[in-house]
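Colleague:
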Amino acid sequence: MARLVFGPDDHARVAAAIAAAERGTAGEIHAVFARGAGTYLSVAGLVALGTSLAAAALAALLAAARGETVSGQTLVLGQIALAALSFAILAAVPSLRMAFVPRALAGARASALARSQFLAHGLHRTSGRTGLLIFLGEAEHHAEIIADEGLSSKVPQERWDAIVRDLAEAARDGRAADGFVAAIAAAGAILRAECPAGAADVNELPDRLVEI
774 MARLVFGPDD HARVAAAIAA AERGTAGEIH AVFARGAGTY LSVAGLVALG TSLAAAALAA
834 LLAAARGETV SGQTLVLGQI ALAALSFAIL AAVPSLRMAF VPRALAGARA SALARSQFLA
894 HGLHRTSGRT GLLIFLGEAE HHAEIIADEG LSSKVPQERW DAIVRDLAEA ARDGRAADGF
954 VAAIAAAGAI LRAECPAGAA DVNELPDRLV EI
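Count along the sequence shown from 1, add 773, and you get the number used in our numbering.
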């Protein structure tokens with residue numbers, strides 16, 4: 774089992790924040806924290822290959838400048854060794870690997886994971902289509918709120934985006950749990966104003982933080 778990032782107290786705080794935020798609203802809040810939306814090993818492979826090719830070209834140029842030659846076999850063996858070493862280092866150090874991942878790719882993968890989690894946890898199946906996912910991807914530094922059509926028809930995305938920015942900033946500062954609690958409270962205030970609970974409202978989704 775993967776090691777949990779949040780401790781029991783953090784999980785309890787987030788669950789309590791969701792329960793409090795949902796009082797007085799038909800909205801259903803679900804929180805998901807993902808360590809990463811992919812391994813990005815293909816990026817590591819490309820970087821390792823590029824490093825080995827650049828090093829081989831530089832070695833050949835330096836040798837030529839000194840009037841020396843380097844055999845093709847030596848260059849190929851050196852390329853293979855350097856590529857293998859570079860890939861091993863990048864594969865072993867996720868933070869270093871992520872430094873080479875294009876921001877657009879990281880954001881796209883994290884957003885795709887958020888949407889899959891929205892569906893996986895049934896946020897699209899609430900009776901009033903009032904599911905709200907608060908998602909945070911650690912490796913990609915990506916925060917996102919996805920609202921089902923019962924909410925998106927009443928609340929413009931820009932209002933959720935303001936909450937997302939604060940959540941992402943808290944996560945960068947190492948305060949992910951605090952960020953979730955604050956984001957949930959802010960979302961609850963919007964939901965109570967724009968989507969109040971009906972007389973027969975029931976809690977349709979578990980109040981919890983999911984770590985994947």
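Each residue gets a CB set at the ideal place from its N, CA and C atoms; glycine is no exception.
Tell me the residue span of the beta strand (DSSP E) that contains residue 804.
Modeller: Residues 801-807.
Colleague: Cα separation between residue 897 and residue 982?
Modeller: C-alpha separation (whole angstroms): 18 angstroms.
Colleague: Can you list, in chain order, the residues of its chain whose CB lies under 6 angstroms from that of residue 828, leaving out five sequence neighbours each side?
Modeller: Contacts found: 855.
Colleague: Measuring only the C-alpha atoms, how far is residue 800 from residue 884?
Modeller: Straight-line Cα distance between these residues: approximately 22 angstroms.
Colleague: Tell me the DSSP secondary structure of residue 774 in three-state form.
Modeller: Summary for residue 774: the model assigns pLDDT 44, below 50, so the residue's position carries little reliability, and this model does not support an answer.
Colleague: Any heavy atom of the ligand SAM closer than 7 angstroms to the Cβ of residue 795?
Modeller: Looking at this structure, you won't find the ligand SAM or any other ligand, since it has none at all.
Colleague: Give the secondary structure of residue 798 by DSSP, where H, G and I count as helix, E and B as strand, and everything else as coil.
Modeller: Residue 798: strand per DSSP, three-state reduction.
Colleague: Looking only at its chain, what residues have a beta carbon closer than 6 angstroms to the beta carbon of residue 956, apart from the 5 residues adjacent to it on each side?
Modeller: Here the set comprises 907, 936, 940.
Colleague: Terminal residues of the continuous beta strand (DSSP E) containing residue 906?
Modeller: 904-910 is the extent of the beta strand (DSSP E) around residue 906.
Colleague: Starting from the C-beta of residue 832, find all residues in its chain whose C-beta is less than 8 angstroms away, skip the five residues before and the five after it, and write them out in chain order.
Modeller: Taken in chain order, the residues that qualify are 843, 848, 851.
Colleague: Could you round the C-beta distance between residue 902 and residue 922 to whole angstroms and report it? I think they count as a contact, below 8 angstroms.
Modeller: Residue 902 to residue 922, Cβ: 5 angstroms. Contact.
Colleague: If you drop the 5 nearest sequence neighbours on each side, which residues of the same chain put their C-beta closer than 6 angstroms to that of residue 946?
Modeller: So no residue of the chain qualifies.
Colleague: Cα-Cα, which of 919, 882, 822 is closest to residue 933?
Modeller: For the residues 919, 882, 822, the minimum Cα distance to residue 933 belongs to 919.
Colleague: By Cβ distance below 7 angstroms, which residues in the same chain neighbour residue 873 in space, the five residues on each side in sequence not counted?
Modeller: Counting only Cβ-Cβ distances below 7 angstroms, and skipping sequence neighbours, we find 816, 820.
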